[in-house]
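Residue numbers (this note's numbering), protein chains in the order written: chain A, 14 to 321; chain B, 3 to 68. Each remark here refers to the structure printed beneath this line.
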Amino acid sequence: MKCKRCKEKAIVQLRSHNAAFCKPCFTFFFQRTVERAIDREHMFAKDERVLVAVSGGKDSLALWDVLVDLGYQTEGLYLGLGIGTYSKASEQKTRAFAEKRGLTLRVVALDETEDNLAIPEVAATTRRPACSACGTFKRHHFDRAALDGGFPVLATGHNLDDEAARLLGNVLHWQLSYLAKQQPVLQPTHPRFVRKVRPLFRTSELESATYAFLRGIDYVVDECPNSHGATQLVYKDILNRLEHTMPGSKLAFLTDFLNRGQPLFAAGPDGQLGECERCGMPAAGELCGYCRLVAEVGRRRAQAVAHS
Amino acid sequence: MQIRLEPQGKQITVSGRKRVGDLVQSLGILAGTVMVIRGDELLTDDEFVDDTDSIELRAVISGGVA
Chain A
14 MKCKRCKEKA IVQLRSHNAA FCKPCFTFFF QRTVERAIDR EHMFAKDERV
64 LVAVSGGKDS LALWDVLVDL GYQTEGLYLG LGIGTYSKAS EQKTRAFAEK
114 RGLTLRVVAL DETEDNLAIP EVAATTRRPA CSACGTFKRH HFDRAALDGG
164 FPVLATGHNL DDEAARLLGN VLHWQLSYLA KQQPVLQPTH PRFVRKVRPL
214 FRTSELESAT YAFLRGIDYV VDECPNSHGA TQLVYKDILN RLEHTMPGSK
264 LAFLTDFLNR GQPLFAAGPD GQLGECERCG MPAAGELCGY CRLVAEVGRR
314 RAQAVAHS
Chain B
3 MQIRLEPQGK QITVSGRKRV GDLVQSLGIL AGTVMVIRGD ELLTDDEFVD
53 DTDSIELRAV ISGGVA
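Here it is in structure tokens:
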């Protein structure tokens, strides 16, 4: 198989683009795709500081690598979820990535907080799905770190497969409010929020994994133990079967939605947000989602003590 | 040939010279959902592997809620 650009021996085939690339041309293709996404969606400029949320996985580390290589001003943010050996390995690889490249990494460890808010502990105490608690905690700490650090932009490593799976889930359940917000750039709806961007929204998981491998990025290959049976994986499997039969379907599904469907759902701005009485972050009610969850942990722990 | 499936950490043995695309398909894996790695190189579907090779099939799909 020959590289589409230079005709040398190819090392990766991208059916969705009806193309194959050698190592240098794939690296060029991947970086150019990300750069075009940033420019066309007006995600951020070279003079803006970008906080990159990194998990130790292929997508977020590939994203950080690309942004650094393209000359953007970045710092990393790692949120330690306290999920046993999985979190330990993730943190170790993230720290090693940053140290090797001389990059600044901020670390917030949930299991080292005063209340021990590690995800397994919170999920067990509240009887919520771990992924639900994890999402709430990530949103809060990402927002908080970006605000406290004075970053105008927060970038995450969500890729095309993530976004297409999310779209499928939103369409299956006609989640109108979620469809209205599903965009690669989310502008702040409150002065204490920052712009949130997803520069990898046009690149597939195969592309980000290939990029990470070719760049020698030592990422966590293991999956989060809580992801087994996750609904998102079911959606991804369905989309991969469709993609296998009709290459390019995933990209068309997402980009056609963004170009033609999403504007129809984005009727207007969110309702007016106030500020959380406990932490001061934006909230629809008296408390934000994060503080409601933390309060629930406290309540249930008190009940458990009272009944023991 | 020796094949390591990641992230499962599973090791299997397959005999004979095979086209990479056919090998992946014969294991019930959808093309494009794994990287086929031999040493420090990636293999495309049209290449061949045989009994002397040791390869890794590394899944590229990650899950959960971000």
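A virtual CB, placed ideally from N, CA and C, is assigned to each residue, including glycine.
Assigned secondary structure, residue i (DSSP; H/G/I helix, E/B strand, else coil)
| i | result |
| --- | --- |
| T138(A) | helix |
| F41(A) | helix |
| K101(A) | helix |
| H320(A) | helix |
| F214(A) | coil |
| K22(A) | strand |
| F206(A) | coil |
| L29(B) | coil |
| K12(B) | strand |
| P5(A) | Lying before the first or after the last residue shown, residue 5(A) is absent from chain A, which here runs from 14 to 321. |
| L59(B) | strand |
| V260(A) | It is worth fixing the name first, because residue 260(A) is Pro in this sequence and not Val. Coil at P260(A), not helix or strand. |
| R291(A) | coil |
| I230(A) | coil |
| Q285(A) | coil |
| G66(B) | With a pLDDT of 47 at G66(B), under the threshold of 50, the modelled position of this residue cannot be trusted, and the question is left open. |
| R273(A) | helix |
| E43(B) | strand |
| A243(A) | coil |
| A33(A) | strand |
| K20(B) | strand |
| A225(A) | helix |
| K113(A) | helix |
| A50(A) | helix |
| K17(A) | coil |
| L7(B) | strand |
| A296(A) | strand |
Contacts around residue i, its chain only, beta-carbon distance under 7 Å, and the 5 residues preceding and following it disregarded
| i | result |
| --- | --- |
| K106(A) | G69, D231, Y232, V233 |
| C147(A) | L94, I132 |
| V36(B) | V26, L59, R60, A61, V62 |
| K17(A) | A32, A33, F34 |
| F270(A) | L180 |
| E54(A) | P197, V198 |
Own chain partners of residue i with C-beta closer than 6 Å, once the 5 adjacent residues on each side are dropped
| i | result |
| --- | --- |
| V79(A) | Q44, V47 |
| T117(A) | E88 |
| I14(B) | I5 |
Beta-carbon proximity list for residue i, same chain, < 8 Å, skipping 5 on both sides
| i | result |
| --- | --- |
| V22(B) | V38, L45, T46, D47, D48, E49, F50, V51 |
| P37(A) | C19 |
| P212(A) | V47, A50, I51, M56, L76, V79, L80, A168, P197 |
| I251(A) | L181 |
| F150(A) | L92, L94, L123, L130, I132, V135, Y303, L306 |
Just to confirm the assignment: which complete alpha helix (DSSP H) runs, minimum length 4, are found wholly within the segment 58-98 of chain A?
Entirely contained in the segment 58-98 of chain A, the alpha helix (DSSP H) runs reaching 4 residues are, in chain order, 71-82.
How about the segment 209-222 of chain A and the segment 169-185 of chain A: do they share at least three Cβ pairs that are nearer than 8 Å?
Yes: the two stretches touch, three or more of their Cβ pairs being nearer than 8 Å.
Quick check on the DSSP output: what are the complete alpha helix (DSSP H) runs of length 4 or more inside the segment 120-189 of chain A, in order along the chain?
Taking 4 residues as the shortest admissible run, the segment 120-189 of chain A contains the following complete alpha helix (DSSP H) segments, listed from N- to C-terminal end: 132-139, 143-161, 173-185.
Taking a Cβ distance cut-off of 7 Å, strictly less, list which residues of the segment 14-31 of chain A are near chain B, in chain order.
Going along the segment 14-31 of chain A in chain order, one finds M14, A23, I24, V25, Q26, R28 with a Cβ nearer than 7 Å to chain B.
To be precise: take each residue of the segment 215-238 of chain A, compare its Cβ to all Cβ atoms of chain E, and keep it if any distance is under 7 Å. Which residues remain?
The structure shown contains no chain E; the protein chains it does contain are A and B.
At a CB distance below 7 Å, what residues from the segment 27-57 of chain A approach chain B? Give them in sequence order.
So the close ones are R28, A33.
Are three or more beta carbon pairs between the segment 92-101 of chain A and the segment 125-142 of chain A nearer than 8 Å?
Because the criterion of three Cβ pairs below 8 Å is met, the segment 92-101 of chain A and the segment 125-142 of chain A touch.
With 9 Å as the limit, tell me which residues of the segment 181-209 of chain A have their beta carbon closer than that to any beta carbon of chain B; keep them in chain order.
Under the 9 Å Cβ criterion, the segment 181-209 of chain A contributes no residue.
Can you find at least 3 beta carbon pairs, one from the segment 250-270 of chain A and one from the segment 147-166 of chain A, that sit closer than 8 Å?
Touching, no, given that fewer than three Cβ pairs across the two stretches are closer than 8 Å.
Beta carbons nearer than 8 Å to chain A: which residues of the segment 13-43 of chain B have them?
Per Cβ criterion, the list reads L32, A33, G34, T35, M37, I39, E43.
For the segment 255-270 of chain A, enumerate the residues whose C-beta is nearer than 8 Å to any C-beta of chain B, in chain order.
Cβ contacts with chain B: E256, H257.
Residues of the segment 239-251 of chain A in Cβ contact with chain B at a cutoff of 7 Å, in chain order, please.
Hits within the stretch, in order: N239, S240, A243, Q245, L246, K249.
Residues of the segment 55-75 of chain A in Cβ contact with chain B at a cutoff of 8 Å, in chain order, please.
Those residues of the segment 55-75 of chain A that come within reach of chain B (Cβ to Cβ, closer than 8 Å) are G70, K71, D72.
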